[in-house]
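Below: one structure, written as structure tokens.
Numbering (the numbering used here), first residue to last: 57 to 469.
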């Protein structure tokens, strides 16, 4: 056992060194300064070397962090309520309002919706398994459960989870290497955007916009300031300043310049359906508060958080909070409608988390376990307010989703 552990550590260190060498090469090719979004891209996604693609366990108790689906099955069961509403609406629109055959097999089969479900980055597969189980129990099921997963290791883990938890539904599951050309149904992005590479900026002493880049001294890596930001970053920061944000000298933060193209791509793909984004973040005026003058960049390893992106490169996750105002604007520009925006706590309450807990009343131990999980999902000091939920839709005929019924905060965007 010790030899196996030693070999695993040596393998990790070899991958880390190869990634460091790759980043140094790119810094040299860029003239000594590498844009931070490119550094983050390599650290997380460099083929065979980056954090998400190098093979070590990332999620769950044995990994570096846990996400809501691993904390409690209640998260997926609540999302199943939202999925059921959208799938039923699409099914009704496809079949007309004059009724349809809800039992196409004629043998009590769970009805399908005529639409699909697409999960972007499915983690351990826990969300997919519980969602499918919940939808199978009450219907309608998606025709297919599609997963777009950049990590081969995680894709293998997802297959194992689904084969173990819902083997009878595994045939509906398909893994993709790119977005479909056309998609009708629900797209779920749970903790996806926080790991999208960001650009960093700082306001100089004379009020100029400087780009925070990455340099190397041959040993390690460090921040360095480019005297002028890239045109795209400059324009984005000036737009913030037009709203009175990010103006004081020394102010440092991040901007996700890839968010709009990502949303545009999903907008081109989505025919009728909903994009549901769950992540930590704020509306723009809260994300760029004067007191949040060091940004939100954070690194996660072994369930510990710290702020140095140059420590343990390739062995730690890098994240930044989401500008939900920018997401809404990008969605509208892509021809989508903001179907709602609220906190995770409000969304789960609107989806009936209390009733889902009550279903376990006959089993005190199950009730206790669900209640403990619900506290983590709902309490403001944990995930309840730090995580936000946004829906962007097209063609759903003004469908009102239960998740946004408790308190829709779209006016804050």
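Just so you know, even glycine gets a beta-carbon here, dropped at the ideal spot from N, CA and C.
Just to check my reading of the structure: residue i and residue j have Cβ atoms closer than 8 Å, yes? What is that Cβ distance to the nearest angstrom?
{"i": "residue 421", "j": "residue 318", "result": "That belief does not hold up - the Cβ atoms of residue 421 and residue 318 are roughly 42 Å apart, past 8 Å."}
{"i": "residue 448", "j": "residue 331", "result": "4 Å"}
{"i": "residue 75", "j": "residue 98", "result": "7 Å"}
{"i": "residue 254", "j": "residue 376", "result": "5 Å"}
{"i": "residue 138", "j": "residue 459", "result": "5 Å"}
{"i": "residue 313", "j": "residue 93", "result": "7 Å"}
{"i": "residue 387", "j": "residue 466", "result": "With 8 Å as the limit, residue 387 and residue 466 do not qualify as a contact, their Cβ atoms being about 11 Å apart."}
{"i": "residue 198", "j": "residue 241", "result": "6 Å"}
Would you say residue i and residue j are within 8 Å of each other, going by their C-beta atoms?
{"i": "residue 214", "j": "residue 205", "result": "yes"}
{"i": "residue 143", "j": "residue 171", "result": "yes"}
{"i": "residue 123", "j": "residue 195", "result": "no"}
{"i": "residue 463", "j": "residue 393", "result": "no"}
{"i": "residue 424", "j": "residue 130", "result": "no"}
{"i": "residue 271", "j": "residue 88", "result": "yes"}
Take the Cβ of residue i as the centre, count every other Cβ of all protein chains shown within 10 Å, and call the residue buried at 16 or more, exposed below.
{"i": "residue 335", "result": "buried"}
{"i": "residue 345", "result": "exposed"}
{"i": "residue 160", "result": "Interpretation of residue 160 is limited by its pLDDT of 33, a score under 50 that renders its predicted location unreliable; no figure is taken from the coordinates."}
{"i": "residue 382", "result": "buried"}
{"i": "residue 372", "result": "buried"}
{"i": "residue 321", "result": "exposed"}
{"i": "residue 340", "result": "buried"}
{"i": "residue 391", "result": "exposed"}
{"i": "residue 228", "result": "buried"}
{"i": "residue 238", "result": "exposed"}
{"i": "residue 273", "result": "exposed"}
{"i": "residue 358", "result": "exposed"}
{"i": "residue 125", "result": "buried"}
{"i": "residue 193", "result": "exposed"}
{"i": "residue 275", "result": "exposed"}
{"i": "residue 452", "result": "buried"}
{"i": "residue 324", "result": "exposed"}
Starting from residue i, trace the alpha helix (DSSP H) both ways and give me its first and last residue.
{"i": "residue 97", "result": "92 to 101"}
{"i": "residue 241", "result": "That residue, residue 241, is in no alpha helix (DSSP H); its beta strand (DSSP E) goes 239 to 246."}
{"i": "residue 341", "result": "340 to 343"}
{"i": "residue 148", "result": "129 to 151"}
{"i": "residue 324", "result": "315 to 325"}
{"i": "residue 89", "result": "Run containing residue 89: none; DSSP gives neither H nor E here."}
{"i": "residue 291", "result": "287 to 298"}
In the DSSP assignment, find the unbroken beta strand (DSSP E) run with residue i in it and report its ends.
{"i": "residue 462", "result": "It is not in any beta strand (DSSP E) - residue 462 carries neither H nor E in the DSSP assignment."}
{"i": "residue 272", "result": "265 to 272"}
{"i": "residue 375", "result": "373 to 375"}
{"i": "residue 281", "result": "277 to 282"}
{"i": "residue 468", "result": "Run containing residue 468: none; DSSP gives neither H nor E here."}
{"i": "residue 258", "result": "255 to 259"}
Enumerate, from N- to C-terminal direction, the unbroken beta strand (DSSP E) stretches of 3 or more residues contained entirely within the segment 345 to 369.
-> Fully enclosed beta strand (DSSP E) runs of 3 or longer: 354 to 357, 360 to 362.
Runs of beta strand (DSSP E) lying entirely within the segment 166 to 240, each at least 3 residues, in chain order = Counting only runs of 3 or more, we get 172 to 176, 201 to 204, 229 to 232.
Note down, one range per segment and in chain order, each beta strand (DSSP E) of at least 3 residues found wholly within the segment 385 to 452.
-> Taking 3 residues as the minimum length, the beta strand (DSSP E) runs contained wholly in the segment 385 to 452 are 393 to 399, 443 to 450, in order along the chain.
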